[in-house]
Structure formats: C-alpha cells, structure tokens
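Just so you know, we're using the working numbering here: the sequence shown kicks off at 275 and counts up by one.
Here's the structure we're looking at; comments come further down.
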Amino acid sequence: MTQTLVILAHPNLEVSRVNRRWQQELLQHPQEITVHELYTEYPDWQIDVEREQRLLEQYDTVILQFPLYWYSYPPLLKKWMDDVFAYGWAYGSTGDRLQGKSFGLSMSIGNTQTSYLPDGSVSFTVEQLIAPFKASLHHVGAIELPYFAFFGASFQATDEQVEQSAADYIRYILQSSPVVEQK
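Structure (structure tokens):
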C-alpha cells in the first residue's frame, strides 16, 4: 500500500477538538499515513521550499488538513502553497512534479452543513469556497479527490460525532475512492 502524506495546517492544534482528534487517529497508522505539521515545522514561517518539494515528490496522494475559517484556509498553508508550488517545479514549461498526484482536502468547518447551502446563512457552498484549491490543482496537473468535511466543529458537535469523524477520516484516506462525510 502506498503511503499518503497529510499536510496538517492548524495554527492552534492544542485547542482544536476535531483536528487534534484527527491527528491522533492519523498517528495510529504510520505504515499508511505520514503526518507533516506545518505550524510545528515552521513556527517562524520560513519554509524550506526544497525540503517541502522533495517531500511532495515522495507521495502519490496528499491530503491538506485544516480548519476552514473565514471561508478559506490558514495563512501558513496559503504561504506554503505559494512558495512550494513554484514556477519551474509545479507548473510552467519545466514544472511537472505534481502532475498526476492526487490531492484531497480535509476540513473541519465550524458551522452546520445547512449553512453552506445556496440559501443558507453563508450563501456559498463548500464547493464554491474551495474553488481556488481546485483551480490550483488543475493548473499543476494534479488529480482532485473529493473533499472530506466535518461540519459543526465550533460548538454543535458532540464527542461521539467527533469520534465518528476520526474513524470516517481514516476510511476516507485509506479507501481508493474517498467519499465526502455527510452529517
């Protein structure tokens, strides 16, 4: 079985119920999953681009795990993508290192799933909010996997739901055809 690389980007993992629980579950599968925590690796935000590129080159499947807040992703993950997905490496006439690699998003989302319907309180769907990721993946020739999401992470989720999400998340990663978690 090929390992999956999980790029974990949570700026305050210690206080996160969902992402911290997911991290604990991921670490129980070291033969199948490698966890790479951006905020731990780069507390000074000085990303070692060559190191990150070499890391990505080792994996066929990469999951970007983060909390969706302010309808986007954490700023260090944005910087990581800006720096690592470089011209001449990820795209351009000689940039083909991410072509054919599978990328998925795993997000904890504070509000309820119904809030992310066209007539919900957010007025945008998750699919619409993750369009920049999709465009970036398309641009570098990567394969987009279905996203995994846990809704209600901020205050509505029960301990049982968080536990179930951890089991569902591992299944999402280990399955050849991941599916979106529905609540």
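Beta carbons: idealized from backbone N, C-alpha and C, even for Gly.
Take the Cβ of Arg328 as the centre, count every other Cβ of all protein chains shown within 10 Å, and call the residue buried at 16 or more, exposed below. Locating residue 328 in the sequence shown gives position 54, counting from the first residue. A residue is called buried when at least 16 other Cβ atoms come within 10 angstroms of its Cβ; Arg328 does not meet this threshold and is exposed.
Return the CA-CA distance between Glu288 and Arg294, expressed in angstroms with no decimal places. In the sequence shown, the residue the question calls residue 288 occupies position 14. In the sequence shown, the residue the question calls residue 294 occupies position 20. Taking the straight line from one Cα to the other gives about 7 Å.
Closer than 8 Å by C-beta to His310: which residues in its own chain qualify, once you throw out the five before and the five after it? Chain order, please. To locate residue 310, count along the sequence shown from 1; it is residue 36. Contacts found: Leu279, Val280, Ile281, Leu282 and Leu329.
If you measure between the beta carbons of Ile404 and Tyr421, is that distance less than 8 Å? Locating residue 404 in the sequence shown gives position 130, counting from the first residue. Locating residue 421 in the sequence shown gives position 147, counting from the first residue. In this structure, Tyr421 lies closer than 8 Å to Ile404 by Cβ.
Exposed or buried, which one is Trp296 when buried takes at least 16 other CB atoms within 10 Å? As a working note, residue 296 is residue 22 in the sequence shown. Looking at its Cβ environment, which holds 16 or more other Cβ atoms inside 10 Å, Trp296 is buried.
Could you give the distance in angstroms between the alpha-carbon of Leu419 and the alpha-carbon of Leu300? Within the sequence shown, residue 419 is the residue found at index 145, counting from 1. Within the sequence shown, residue 300 is the residue found at index 26, counting from 1. Looking at the two C-alpha atoms, the distance is approximately 18 Å.
Alpha-carbon spacing of Asn385 relative to Val292, whole angstroms: For the purposes of this step, residue 385 is taken as residue 111 along the sequence shown, with counting starting at 1. For the purposes of this step, residue 292 is taken as residue 18 along the sequence shown, with counting starting at 1. The alpha-carbon atoms of Asn385 and Val292 are separated by roughly 13 Å.
Going by the DSSP bridge assignment, what does His310 pair with across the sheet? Indexing the sequence shown from 1 puts residue 310 at position 36. Ile281.
For Pro341, the first and last residue of its enclosing beta strand (DSSP E): Taking the first residue of the sequence shown as position 1, residue 341 is located at position 67. Run containing Pro341: Thr335 to Leu342, per the beta strand (DSSP E) assignment.
Straight-line CA distance for Gln456 to Tyr443? Mapped onto the sequence shown, residue 456 falls at position 182. Mapped onto the sequence shown, residue 443 falls at position 169. Because Gln456 carries a pLDDT of 41, less than 50, the predicted location of this residue cannot be relied on, and the following value inherits that uncertainty. Rounded to whole angstroms, Gln456 to Tyr443 spans 12 Å at the Cα level.
Who are Leu379's beta bridge partners in DSSP? The residue given as residue 379 occupies position 105 in the sequence shown. According to DSSP, Leu379 bridges with Leu338.
Does Tyr390 pass the burial test, meaning 16 or more other C-beta atoms within 10 Å, or should it be called exposed? The residue labelled residue 390 in the question sits at position 116 within the sequence shown. It counts as buried.
Under the three-state reduction of DSSP, which class applies to Ala409: helix, strand or coil? The residue labelled residue 409 in the question sits at position 135 within the sequence shown. In the structure shown, Ala409 sits in a helix (DSSP, three-state: H, G or I).
Going by DSSP, which residues form a beta bridge with Phe359? For this step, residue 359 is matched to residue 85 along the sequence shown. None; Phe359 has no bridge partner.
Ala416 and Leu372 look like a contact to me (Cβ under 8 Å); what is the Cβ gap, rounded to whole Å? On the sequence shown, position 142 is the one that residue 416 refers to. On the sequence shown, position 98 is the one that residue 372 refers to. The Cβ separation is near 5 Å, so the contact holds.
Less than 8 Å separating the beta-carbons of Ala360 and Val336? Counting from 1 along the sequence shown, the entry for residue 360 is found at position 86. Counting from 1 along the sequence shown, the entry for residue 336 is found at position 62. No. Outside cutoff.
Ignore the nearest five residues each way along the sequence and tell me which others in Ala431's own chain have a CB closer than 6 Å to its CB. On the sequence shown, position 157 is the one that residue 431 refers to. Answer for Ala431: no residue qualifies.
Apply the 10 Å Cβ neighbour rule to Trp354 and answer buried if 16 or more other Cβ atoms are within range, or exposed otherwise. Taking the first residue of the sequence shown as 1, we reach residue 354 at position 80. Buried, since its Cβ has 16 or more Cβ neighbours within 10 Å.
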